[in-house]
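Heads up, the sequence shown is in full-length UniProt numbering, so the first residue is 1 and it goes up one at a time.
Note that CB positions come from ideal geometry on N, CA and C, so glycine has one too.
Model, not experiment: these values are computed from the prediction.
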Amino acid sequence: MSRVGPLLASSALVAWRFSRSDSASGKSVRIHHRLPFPISVKLQRIIMKNSTFPTNSSLSLGNEATGRVEHKVGEQDAVIIVDHGSRRQESNLMLNEFVAMFKARTGYQIVEPAHMELAKPSISDSFRLCMQKGAKRVIVSPFFLSPGRHWLQDIPALVADASKEHSGISYVITAPLGLHELMVDVMNDRIKHCLTHVAGDADECSVCAGTGKCQTSNCFFYLLSRFSGSMS
1 MSRVGPLLAS SALVAWRFSR SDSASGKSVR IHHRLPFPIS VKLQRIIMKN
51 STFPTNSSLS LGNEATGRVE HKVGEQDAVI IVDHGSRRQE SNLMLNEFVA
101 MFKARTGYQI VEPAHMELAK PSISDSFRLC MQKGAKRVIV SPFFLSPGRH
151 WLQDIPALVA DASKEHSGIS YVITAPLGLH ELMVDVMNDR IKHCLTHVAG
201 DADECSVCAG TGKCQTSNCF FYLLSRFSGS MS
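Listed below in structure tokens is the structure:
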């Protein structure tokens with residue numbers, strides 16, 4: 001079985017560059033091109049052609065909307081959800097809560113949290129725990145918004161180091177949250193709740209609870225105008 005990792009796939013349209021040799025001059029030519037389709041489609045074809053996957057992977061009949069065959073998490077797969085990590089314990093505990101929500105919603109058997117740095121468990125800690133629970137493949141899903149340096153370099157390096165302790169185990173690093181259409185709903189929900197809180201008609205959300213951060217610089221004047229309006 002070949003090692004599959006990292007799988008750097010993004011559902012967004014991206015600009016990409018490659019070099020080729022010019023037949024006339026023999027010089028290397030840099031070409032800049034915008035893909036007309038999601039890069040995940042191209043990478044999926046490459047990986048499916050050149051790699052093997054564990055036989056325990058669950059395979060659906062396909063996505064009727066796109067015609068794409070979808071591979072699902074199997075019984076011997078483990079999912080590690082990794083965030084940056086923080087010195088603020090409340091932030092780290094929030095990842096634990098999300099992992100519990102994710103596991104309950106998906107029904108996946110092995111789901112573990114991990115922090116890239118600053119806090120425990122580390123990626124190596126969680127990788128080891130997944131092996132102890134019987135995982136044969138580890139799927140690392142970054143709890144990050146954008147495909148920055150941490151996704152491109154740091155997380156792949158840390159996962160590669162963690163995997164060295166466990167021979168014969170494959171891993172996949174998935175795309176960050178990125179430009180998924182559901183993120184629009186999430187952001188809009190946060191905006192509406194915060195505006196409702198600023199107006200005095202809702203408590204702080206679970207993210208801001210106890211911090212007093214969900215406010216505006218002119219919050220007092222906004223509330224005063226609402227009060228004045230109700231008296232007129």
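Notebook entry, point to check: Roughly how many angstroms lie between the CA atoms of A24 and F143, to the nearest whole one?
Noted result: Low confidence applies here, because A24 scores a pLDDT of 45, under 50, leaving its location unreliable; read the following figure in that light. The alpha-carbon separation between A24 and F143 amounts to approximately 47 Å.
Checklist line | Validate contact between the stretch 116-129 and the stretch 153-163 using beta carbons, cut 8 Å, 3 pairs | finding: Output reads yes: the stretch 153-163 touches the stretch 116-129.
Check: Does DSSP put N56 in a helix, in a strand, or in coil?
Finding: Because N56 sits at a pLDDT of 39, beneath the cut-off of 50, its placement in the model cannot be relied upon, and the point is left open.
Next item on the list: Pair every Cβ in the stretch 127-145 with every Cβ in the stretch 68-80, then say whether three or more of these pairs are closer than 8 Å.
Entry: Yes: at least three Cβ pairs fall under 8 Å.
Notebook entry, point to check: Going by DSSP, which residues form a beta bridge with I173?
Noted result: DSSP lists V140 as partners of I173.
Checklist line | Cut-off 7 Å between Cβ atoms - residues of its own chain near W151, not counting five sequence neighbours on either side | finding: Correct list, in chain order: P142, F144, P176.
Notebook entry, point to check: Per DSSP, E112 forms a beta bridge with which residues?
Noted result: Answer is I80, bridged to E112.
Check: Under 8 Å between the Cβ atoms of V140 and V82?
Finding: Cβ atoms of V140 and V82: closer than 8 Å.
Next item on the list: Could you check how far apart the C-beta atoms of G178 and S146 are, in whole angstroms? I think they sit under 8 Å.
Entry: About 7 Å separates the beta carbons of G178 and S146, which is inside the 8 Å limit, making them a contact pair.
Check: How about D189 and H197: do their beta carbons lie closer than 8 Å?
Finding: Against a cut-off of 8 Å, the Cβ pair of H197 and D189 comes out as no contact.
Next item on the list: Give the DSSP-derived three-state secondary structure of H166 in the structure shown.
Entry: H166 falls in the coil class under three-state DSSP.
Next item on the list: List the residues that DSSP assigns as beta-bridge partners of S122.
Entry: Residue pairing by DSSP places S122 opposite H115 in a beta bridge.
Next item on the list: Return the first residue and the last residue of the alpha helix (DSSP H) that D203 is part of.
Entry: Here D203 belongs to no alpha helix (DSSP H), and DSSP marks it neither H nor E.
Margin query: Among E70, R105, I123, whose alpha-carbon lies nearest the alpha-carbon of H84?
Written below: Nearest C-alpha to H84: I123.
Check: Pick from A104, I191, D201, D125: whose alpha carbon is nearest that of H166?
Finding: It is D125 whose Cα lies nearest to the Cα of H166.
Item checked: Cutoff 7 Å; reference S86; Cβ partners in own chain excluding five residues on either side -> Cβ within range, chain order: N92, L118, A119.
Check: Can you give the Cα-Cα distance for G148 and T174, rounded to whole angstroms?
Finding: Their Cα atoms are separated by approximately 13 Å.
Notebook entry, point to check: What is the DSSP secondary structure of H193, counted as helix, strand or coil?
Noted result: Here H193 sits in helix by DSSP.
Notebook entry, point to check: How should E112 be labelled, buried or exposed, when 16 other C-beta atoms within 10 angstroms of its C-beta is the threshold for buried?
Noted result: Flag for E112 reads buried.
Checklist line | Own chain residues within Cβ distance below 7 Å of N96, not counting five before or after | finding: Excluding positions up to five away in sequence, the list reads P113.
Next item on the list: Give every residue of the same chain whose Cβ lies closer than 6 Å to the Cβ of Y108, excluding the five residues on either side of it in the sequence, and list them in chain order.
Entry: Result list for Y108: V73, V79, in chain order.
Notebook entry, point to check: Is the beta carbon of F127 sitting closer than 8 Å to the one on A100?
Noted result: It is not a contact, given that the beta carbons lie outside the stated cut-off.
Check: Where M131 and I110 are concerned, what is the direct C-alpha to C-alpha distance, given to the nearest angstrom?
Finding: CA-to-CA, the gap between M131 and I110 works out to about 10 Å.
Check: Looking at the structure shown, is H150 part of a helix, part of a strand, or coil, going by DSSP?
Finding: H150 falls in the helix class under three-state DSSP.
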